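Undergrad: To start, I am sharing the structure in question, which I have written as structure tokens.
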Amino acid sequence: MAFDLDTFVWLLRNVLFPLAVPVVLLTGVPVAVWLERRGAAFMQDRVGPNRITIFGLRNAGLLQPIADALKLLIKEDFIPARADRFLFFLAPACSMIPALLTFMVIPFGDTLAIGKYEIPLQVADLNAGILFIFAVASLGVYGVVLGGWSPNNKYSLLGGLRSSAQMISYEISMGLSIIGVLILFESVRLNDIVRGQGHLLFGFLPQWGIVVQPLGFLLFFVAALAETNRIPFDLPEAEAEIVAGYHLEYSSFKFSMFFMAEYVNMLVVCGVITCLFLGGWQIPWLPTEDLSALVGPLATAVLQVGVFVFKLWFLMWLFVWIRWTLPRFRYDQLMGLGWRVMFPLALVNLCVTATVPFLLGAYEKWPK
Amino acid sequence: MADDLLKKLQAKFPGELTAAAVFRGEETVTVARERLLDVARFLYGLPGCEFRLLEDLCGVDLLTHPDRRSRFEAVYHLYSLSGERRLRLKVPLEEDDATLPTTIGIWKAADWFEREAFDQYGLRFEGHPFLHRILNHEEFQGHPLRKDYPIKKRQKLTRPTYYDWGGGKEPTPIGAAAEEPPAEDAEWTVINFGPAHPTMHGTLRVLAKIQGETLLEAVPEIGYLHRGFEKTSETLTYQQVIPLTDRLNYVSAMMNNVGYVRAVEKLLGLEVPPRAQMIRVIVCELSRIIDHLVCIGANLVDLGALTPFWYCFRDREYVYDLFEAVCGARLTTSYTRIGSHAHDLPEGWVERCRQVVLERLPRSIEETEKLITHNRIFMDRTRGVGVVSAEDALNYGFTGPCLRASGVPFDLRVAEPYYGYEKFDFEIPVGDNGDTYDRYLVRMEEMRQSLRILEQALDGIPEGPHKVEDRRVVLPEKEQVYTKFGSLVRHVKLVVDGILPPRGEVYSATEAANGVLGYYIVSDGTKNPYRVKVRPPCFAIYQALPQLTRGVMIADLIAIVGSLNIIAGELDR
């Protein structure tokens, strides 16, 4: 087979992207951990990790997470005597794999058109993108539930129970809160939703999800915190109550799988929020065509990916900020918030979104 | 007034109060065990002077005491808030029949104190619902604080303690090798918090019977840090006990130092000079602030808020710097001496302290306040959680912030001022509901009031000696020891022979960070204390945990334990 441009593009789309995206994503984990730890230190008037050097160079502690990961790898891999060994092994994989899979459908740039080639800047441009994310992400709870059940430990079990109840409760609000977005942008394909957010409202306001669906954004954001087990919703692992919850008995690589899955989940969730509510790769007031004409298609792609990454990390910072500000809910308060506040609000939001623009006749005038 | 009370008692129980003695202004009434309950009830309901607070209850073994009248004595220390006065009640007991009625029906506080007296001395309290060992292990043989128990005797105790929860009865300790599993169809399970658990600060252990997330019953199991402080003290000289007191409440070691030496000084009939008093007030108030900072910080971290924890701990370090400058140690200070201090305040210390008081500590308090006090999640987590009524709190022997949060404005700094506290302008904050949130608020406000006291104290610190001029008690200056023969001899004699207080007994209470810290010291006239009993504030408070936590959720248990500020060092001694 001759190596021509066709083959290269094919390789790019079908081999390089699927391989590179998880790798980049996993590289994001140490950065996220660094952001978390340094961010925490910054807020808590501390220094944070800064001792790791490479060739005598301080790097603001950026290599600390890698050193931690290496340390974890050489720890003893402990399996409790009365554990269900198969499920005990399965659980970390169950949390890691869905976390990685979901990122595959997130677009991080507009379709790159160079000559006759069209390269979508995402691994899989599924027509059911957001549904795929929900379907796969909800499998992640099995990792937590199995991790809680298999080691035969009461604390773990409580963590697993809390987690399953919490995930189910918040997944409903989460699902309902995005339906408004889906209605307005008439698609479940993520790239279409992002493109739809490139239009301007009233001629000046970027038509981002957060602008047209503020309540939906708020609900989704809170549910996302809950789904990723972040404070104030970190009950499944509440170290003060149930020690470490579902990953109490895990050590070494299995623990780091859980740990990484948590951060990958955060990155994914931030990616999804970016796509649905923050305009994804859209640069406000600069549609792809204008930008392309200005700086060329390749630079456009780079800029758009950059903007996407910036928005994603801004949200990550928001997550870190919230974690180090708030205390933790109690179990019944968490359930109360999910079912009595967020679920009805999501329903109201859905009804309003579905009826009001239609009644006002605004729907026909909607810029598409 | 003093005679009045004794007269009333004599009139009510003619000929039955075998002795009514006064030593160092403390009144002691000895009563036979048959009339104990009557006398106790009479005192509890005495109009105008109701003895509602059972501050301390302990045993004393008089085996080798020169004034021996009976083998044992059960000693009750009562306090009346309305009359602002104390009374000591003694019940003589013989070895072959060391039984007496329980007073739980009058003061719930007696519960654990009676268990302790049973554990340490083998006094049997008839009618006590759960008379099991408390500080020592269930397998332990003998009663360690009896004088005929050799201090060097060792026992190997290996089996963990679990509880038999069956049949709806009170949970009973069993020294089983493994936890008794509940029946297959039981709708509850037992979960073990501690002694190694992130929230069981120190080595607390709570056995919890849970149903899902709901706590059916929680039983605190204590004694993991029991190291025989009281027994050890009996073999040391009065000065040598001071370093041990650091380890009682290691969060505010200074207050233990001060509390102990104050008791010994009372025994000796000494009063330290004004400068020494002011120094003690300053280090005590600094300790109170850092103790509250630790309590609040730890409580918040248990609730998931890590950031305010750091704000609390950050500025605590500045106080430790001050302590280090004063005595060379940060945590285990051992600063005070009997009638004296290790050193006078170093030069420039007052200025440094003023800077910390004016700049550092208020910042901590403000930042925590801003982050937490009106935080909705925090309020939801703490309001209405762990409520204890004023009456219950007093009955359980609550003192300090936990009692004041329930609305009882009882503070020894005001009720029986010592070290010139009456000259300071400060207020006693009280709560309304007695819940976890109020305990937090009271501690926050107490820190501000302590800052007020500190400002006044630093401005008004007098010049003069920081030690009493008493050759029997205070070591001579080092310079003189090296240059004058008389001083050298005096130094050697004081170190070898120790301080020789008169025969007698005193109970001295100070307002420590977490409540009334009492020291009961019995002297037989020798250089070693005959009996040292510490009344740790959290011992009385912690016994209310089962009632405070019945039916709450697991997360509430954590919030409640944190807000009670239980320090294992003084709890287990």
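These protein sequence lines are chains U and V, in that order. What the first sequence shows, in my numbering, is residues -18 to 349, in sequence order. What the second sequence shows, in my numbering, is residues 966 to 1538, in sequence order. Note that CB positions come from ideal geometry on N, CA and C, so glycine has one too. Source: prediction; values computed, not measured.
1) Less than 8 Å between the beta carbons of residue 121 of chain U and residue 154 of chain U, yes or no?
2) What whole-angstrom Cβ distance do residue 1419 of chain V and residue 1322 of chain V have, given they're in contact under 8 Å?
3) Count Cβ pairs between the segment 1520 to 1531 of chain V and the segment 1229 to 1246 of chain V that sit closer than 8 Å; are there 3 or more?
4) How would you list, in chain order, the residues of chain V whose beta-carbon sits under 8 Å from the beta-carbon of residue 308 of chain U?
5) What did DSSP end up calling residue 1160 of chain V once you bin it into helix, strand or coil?
6) Could you give the uninterrupted runs of the alpha helix (DSSP H) lying entirely in the segment 1201 to 1283 of chain V, keeping only those of 4 residues or more?
7) Where does the unbroken beta strand (DSSP E) through residue 1055 of chain V begin, and where does it stop?
8) Can you tell me whether residue 423 of chain U is buried or exposed? The criterion is at least 16 other CB atoms within 10 Å of its CB, across all chains shown.
9) I'd like to know whether the C-beta of residue 215 of chain U is nearer than 8 Å to at least one C-beta of chain V.
10) Below 7 Å on C-beta distance, what does residue 314 of chain U contact in chain V?
11) Using a Cβ cut-off of 8 Å (strictly closer), state whether residue 1191 of chain V contacts chain U.
12) Within the same chain, show all residues whose beta-carbon is closer than 6 Å to that of residue 104 of chain U, passing over the 5 residues directly before and after it, in chain order.
13) I'd like to know if residue 1530 of chain V contacts chain U, where contact means its C-beta is closer than 8 Å to some C-beta of that chain.
14) Using the beta-carbon of each residue, which ones in chain U are nearer than 9 Å to residue 1521 of chain V?
15) Determine, using beta-carbon pairs with one atom in the segment 87 to 97 of chain U and one in the segment 278 to 289 of chain U, whether at least three such pairs fall under 8 Å.
16) Thinking just about the alpha-carbon of each residue, which of U/56, U/29, U/108 is nearest to the one in residue 43 of chain U?
17) Between residue 222 of chain U and chain V, is there a C-beta pair that is closer than 8 Å?
18) List the residues of chain V whose Cβ lies closer than 7 Å to the Cβ of residue 27 of chain U, in chain order.
19) Please identify the residue among V/1296, V/1466, V/1338, V/1109 whose C-alpha is closest to the C-alpha of residue 1222 of chain V.
20) Would you mind stating whether residue 1363 of chain V and residue 1506 of chain V have Cβ atoms separated by less than 8 Å?
21) For residue 45 of chain U, I'd like the list of residues in its chain whose CB is within less than 6 Å of its CB, leaving aside the five on either flank, ordered along the chain.
22) How far does the alpha helix (DSSP H) with residue 1171 of chain V in it reach, from first residue to last?
23) Can you name the residues of chain U whose CB is closer than 8 Å to the CB of residue 1552 of chain V?
24) The alpha helix (DSSP H) that contains residue 235 of chain U, what's its start and end?
25) Using a Cβ-Cβ distance cut-off of 8 Å, determine whether residue 1207 of chain V contacts chain U.
26) Going straight from the alpha carbon of residue 178 of chain U to that of residue 337 of chain U, what length do you get?
27) Are residue 1196 of chain V and residue 1116 of chain V close, meaning C-beta to C-beta below 8 Å?
28) Hey, quick one: how far does the alpha helix (DSSP H) through residue 1341 of chain V stretch, first residue to last?
29) To be precise: take each residue of the segment 1403 to 1415 of chain V, compare its Cβ to all Cβ atoms of chain U, and keep it if any distance is under 7 Å. Which residues remain?
30) List, in order along the chain, the chain V residues whose C-beta lies closer than 8 Å to that of residue 24 of chain U?
31) Run the CB neighbour count on residue 1354 of chain V, radius 10 Å, all protein chains shown included, and call it buried at 16 or more, exposed below.
32) Tell whether a beta-carbon distance below 8 Å holds between residue 1014 of chain V and residue 1045 of chain V.
33) With distances taken between CB atoms, is the gap from residue 1005 of chain V to residue 1064 of chain V smaller than 8 Å?
34) Looking at C-beta atoms only, is the number of pairs between the segment 1314 to 1332 of chain V and the segment 1427 to 1446 of chain V that lie closer than 8 Å three or more?
35) Whose Cβ in chain U lies nearer than 9 Å to the Cβ of residue 1279 of chain V?
36) Whole-angstrom Cβ separation of residue 1215 of chain V and residue 1534 of chain V, contact assumed at under 8 Å?
TA: Result, derived from the coordinates:
1) No. Outside cutoff.
2) A Cβ-Cβ distance of about 5 Å is found for the pair residue 1419 of chain V and residue 1322 of chain V, placing them in contact under the 8 Å criterion.
3) No, they do not touch.
4) Chain V residues near residue 308 of chain U: 1265, 1268, 1269, 1270, 1337, 1340, 1342, 1343, 1346.
5) If DSSP states are grouped into helix, strand and coil, residue 1160 of chain V belongs with coil.
6) Qualifying alpha helix (DSSP H) stretches, in chain order: 1207 to 1211, 1218 to 1233, 1239 to 1267.
7) Start and end: 1050 to 1058.
8) Outside the displayed span of chain U (-18 to 349) sits residue 423 of chain U, for which this structure offers no information.
9) When Cβ-Cβ separations below 8 Å define contact, residue 215 of chain U makes contact with chain V.
10) Annotation: Cβ neighbours of residue 314 of chain U in chain V (cutoff 7 Å, chain order): 1345.
11) By this cut-off, residue 1191 of chain V is not an interface position.
12) Residues of the same chain with a CB within less than 6 Å of the CB of residue 104 of chain U, apart from the 5 flanking positions on each side, are -2, -1, 2, 85 in chain order.
13) Cβ-Cβ to chain U under 8 Å: no for residue 1530 of chain V.
14) At a C-beta separation below 9 Å, residue 1521 of chain V has these neighbours in chain U: 311.
15) Contact between the segment 87 to 97 of chain U and the segment 278 to 289 of chain U is present, with at least three C-beta pairs closer than 8 Å.
16) Taking only the C-alpha atoms, the option nearest residue 43 of chain U is U/29.
17) It does: the Cβ of residue 222 of chain U has a partner Cβ on chain V nearer than 8 Å.
18) Chain V residues near residue 27 of chain U: 1275.
19) Here the closest residue by C-alpha is V/1296.
20) Yes, these two residues count as a Cβ contact at 8 Å.
21) Only 30, 33 meet the Cβ criterion.
22) Counting along the chain, residue 1171 of chain V falls outside any alpha helix (DSSP H), though it belongs to the beta strand (DSSP E) covering 1170 to 1176.
23) With chain V covering 966 to 1538 only, the question about residue 1552 of chain V has no answer from this structure.
24) Annotation for residue 235 of chain U: the continuous alpha helix (DSSP H) segment containing it runs 233 to 258.
25) Closer than 8 Å: no.
26) Straight-line Cα distance between these residues: approximately 20 Å.
27) Cβ atoms of residue 1196 of chain V and residue 1116 of chain V: closer than 8 Å.
28) It spans 1341 to 1347 - the alpha helix (DSSP H) in which residue 1341 of chain V sits, taken as one unbroken run.
29) Residues passing the 7 Å Cβ filter: none.
30) Per Cβ cutoff of 8 Å: 1272.
31) So residue 1354 of chain V counts as exposed.
32) For the 8 Å CB-CB criterion, residue 1014 of chain V and residue 1045 of chain V form a contact.
33) With contacts defined by Cβ atoms closer than 8 Å, residue 1005 of chain V and residue 1064 of chain V do not form a contacting pair.
34) Between the segment 1314 to 1332 of chain V and the segment 1427 to 1446 of chain V there are fewer than three inter-stretch CB-CB distances shorter than 8 Å, so the stretches are not counted as touching.
35) Under the 9 Å cutoff, chain U gives 25, 26, 27.
36) The Cβ separation is near 5 Å, so the contact holds.
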